[in-house]
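**Q**
Protein chains: 2
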Amino acid sequence: MEPEILELESFLPYRLYRLADAVSREFSRIYKERQGLTRPEWRTLSGLGQRGTMTATELGEQSAMHKTKVSRAVAELERRRWLTRTPDGNDRRVEHLTLTKAGLAAYREMVPLAKVFERELLARLSREERAAVVSGVAALEVALGGK
Amino acid sequence: MEPEILELESFLPYRLYRLADAVSREFSRIYKERQGLTRPEWRTLSGLGQRGTMTATELGEQSAMHKTKVSRAVAELERRRWLTRTPDGNDRRVEHLTLTKAGLAAYREMVPLAKVFERELLARLSREERAAVVSGVAALEVALGGK
DNA sequence: CCAAATTTGTTTCATTTGTAACCATTGAAA
DNA sequence: TTTCAATGGTTACAAATGAAACAAATTTGG
Chain L
1 MEPEILELES
11 FLPYRLYRLA
21 DAVSREFSRI
31 YKERQGLTRP
41 EWRTLSGLGQ
51 RGTMTATELG
61 EQSAMHKTKV
71 SRAVAELERR
81 RWLTRTPDGN
91 DRRVEHLTLT
101 KAGLAAYREM
111 VPLAKVFERE
121 LLARLSREER
131 AAVVSGVAAL
141 EVALGGK
Chain V
1 MEPEILELES
11 FLPYRLYRLA
21 DAVSREFSRI
31 YKERQGLTRP
41 EWRTLSGLGQ
51 RGTMTATELG
61 EQSAMHKTKV
71 SRAVAELERR
81 RWLTRTPDGN
91 DRRVEHLTLT
101 KAGLAAYREM
111 VPLAKVFERE
121 LLARLSREER
131 AAVVSGVAAL
141 EVALGGK
């Protein structure tokens, strides 16, 4: 029996990871240089900008972050006065998070940059390749259960 | 002008990252539980198992790891006596890394598990979806320059 | 031949991360 | 009620990471 070999360069988990790492790294330069944000902070800003108001738990679900990451990102954005916490009327454990004017301004500044980034990334692909990426990613999301 | 919003759930960098994270996390359970390896250690084992012998720099290039990760992973595998270093004859800065019997045995144990993992992941997709994933990933790799 | 620049790999230090413990509050069960 | 489990969120501690400084060897350019 021949010795079985795994070709790392063709191994899907590795390829996906490297891809995501490269893209994420490139994009992070934008919010890092522009706003001095970490990835959890960017996701928090982005989530609240998109949805308006969320609790920490909801934020974690929406942006796939562990609750400690959420907690720390929220604390930092609060320190910058980019968001405020409003206690829930019924459940005193819960706080509703909302961006302040300043937070919203930062969000509004980031949105077009994010869109351009994505557009330029996809622009490097042919129409068919773009379609493959989109449906491939969607299919994997479904396959991985949850969302 | 309406306020521009970014839908995080549709944003490619986020989706890619979340996907890779989920897949990688799931797969890491295998080499973590089975061999007590970290990801850099797994990649080192995998790279050397596949190629036979490499220098640290080559390892870093093949497996997309920062040189400090390589350095630490190699040190740990050496501590376990899973690999040995052989000084290069011409350049005394360079060491050639090779798996020992024990390292090779661990590698051989992992290869089928990795293949099964990948196969089962792809098995959750239809033929067309698999094709989309494969060509989408390949296209993005090319688009991101390098490899 | 020599000084400066480059390369290989390790180490140090600060930051980020994850796990687990934790506190406070709420809900459910008895 | 009173207790016990579950939930929202923070914190403490240990491990993983990245940037930068580093030592040693090599290459390059006068």
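Chains L and V supply the protein sequences, listed in that same order. One point on numbering: in the UniProt record's numbering, the residue at position 82 of the first sequence is 82, and numbering is uninterrupted. One point on numbering: in the UniProt record's numbering, the residue at position 48 of the second sequence is 48, and numbering is uninterrupted. From the three backbone atoms N, C-alpha and C, an ideal C-beta is built for every residue, glycine too. Remember, predicted model here, so these are calculated numbers, not experimental data.
#1: Shorter than 8 Å from the beta carbon of residue 210 of chain V to some beta carbon of chain L?
#2: Pull up the distance between the alpha-carbon of V/P40 and that of L/R92, whole angstroms please.
#3: Figure out for me which residue from V/R72, V/R25, V/E26 and V/A20 has the closest Cα to the Cα of V/L45.
#4: How about L/V70: is its C-beta nearer than 8 Å to some C-beta of chain V?
#5: Taking any Cβ of chain L, which residues in the region 89-120 of chain V have a Cβ under 9 Å from it, in chain order?
#6: Taking the alpha helix (DSSP H) that L/R39 belongs to, which residues open and close that run?
#7: In the DSSP output, what is L/T68 paired with across the bridge?
#8: Can you list, in chain order, the residues of its chain with a C-beta nearer than 6 Å to that of L/Q62? Leave out the 5 residues immediately preceding and following it.
#9: How close, in whole Å, do the beta carbons of L/T98 and L/L83 come, if the pair is a contact with beta carbons under 8 Å?
#10: Does any residue of chain L have a CB that is nearer than 8 Å to the CB of V/I5?
#11: Look at the Cβ atom of V/G136, then the Cβ atom of L/A132, and state whether they are nearer than 8 Å.
#12: I'd like the ranges of any alpha helix (DSSP H) spanning at least 4 consecutive residues and lying wholly in the UniProt domain "HTH marR-type" (9-142) of chain V.
#13: Alpha carbon to alpha carbon, how far is L/K115 from V/L140? Give it in angstroms, no decimals.
#14: Kindly list, in the order they appear in chain L, the residues whose Cβ is closer than 9 Å to that of V/A56.
#15: Using a C-beta to C-beta distance shorter than 7 Å, which residues of chain V count as neighbours of L/R18?
#16: Mind checking whether V/R80 and V/E95 have CB atoms under 8 Å apart?
#17: Report yes or no: is there a C-beta of chain V within less than 8 Å of the C-beta of L/Q35?
#18: Using a beta-carbon distance cut-off of less than 7 Å, what residues from the region 129-147 of chain V approach chain L?
#19: Which residue's Cα is closest to the Cα of V/G36: V/E4, V/Y107, V/D88 and V/A64?
#20: Going by beta-carbon coordinates alone, are V/V111 and L/L6 separated by less than 8 Å?
#21: Roughly how many whole angstroms lie between the Cα atoms of V/E9 and V/L16?
#22: Whole angstroms are fine: how far does the CA of L/G103 sit from the CA of L/I30?
#23: Which value, in whole angstroms, describes the spacing of the CA atoms of V/D88 and V/T57?
#24: Would you report the Cα separation of L/V134 and V/R18, rounded to the nearest angstrom?
**A** Reading from the atomic positions:
#1: As shown, chain V starts at 1 and ends at 147. That puts residue 210 of chain V outside it, with no answer to give.
#2: Cα to Cα, V/P40 sits roughly 43 Å from L/R92.
#3: Measuring from the Cα of V/L45, the nearest candidate turns out to be V/R72.
#4: For L/V70, the nearest beta carbon of chain V is not closer than 8 Å to its own beta carbon.
#5: Hits within the stretch, in order: L104, Y107, R108, M110, V111, P112, A114, K115, F117 and E118.
#6: Per DSSP, the continuous alpha helix (DSSP H) segment holding L/R39 begins and ends at R39 to R51.
#7: Answer is none; L/T68 lacks a bridge partner.
#8: Excluding five sequence positions before and after L/Q62, the CB atoms of its chain that fall closer than 6 Å to its own CB belong to G47, given in chain order.
#9: Right, the Cβ-Cβ distance comes to about 6 Å (below 8 Å), so this counts as a contact.
#10: Judged by the 8 Å Cβ criterion, V/I5 is in contact with chain L.
#11: Their beta carbons are under 8 Å apart, which means V/G136 touches L/A132 by this criterion.
#12: Taking only runs of at least 4 residues, the alpha helix (DSSP H) segments lying wholly in the UniProt domain "HTH marR-type" (9-142) of chain V are 12-35, 39-51, 56-63, 67-79 and 101-123.
#13: Taking the straight line from one Cα to the other gives about 17 Å.
#14: Ordered by position in chain L, no residue passes the 9 Å Cβ test against V/A56, which lies about 16 Å from the chain.
#15: For L/R18, the residues of chain V that pass the 7 Å Cβ criterion are A64, in the order they occur in the chain.
#16: 8 Å or more divides the Cβ of V/R80 from the Cβ of V/E95.
#17: No, its Cβ sits nowhere closer than 8 Å to a Cβ of chain V.
#18: So the close ones are E129, A132, V133, S135, G136, V137, A139, L140, E141, A143 and L144.
#19: Nearest option by C-alpha distance: V/Y107.
#20: One thing to note: V/V111 has its Cβ within 8 Å of the Cβ of L/L6.
#21: Distance from the CA of V/E9 to the CA of V/L16, rounded to the nearest whole angstrom, comes to 10 Å.
#22: Their backbone Cα atoms lie some 17 Å apart in a straight line.
#23: Annotation: V/D88 to V/T57 spans about 13 Å, alpha carbon to alpha carbon.
#24: The alpha-carbon atoms of L/V134 and V/R18 are separated by roughly 14 Å.
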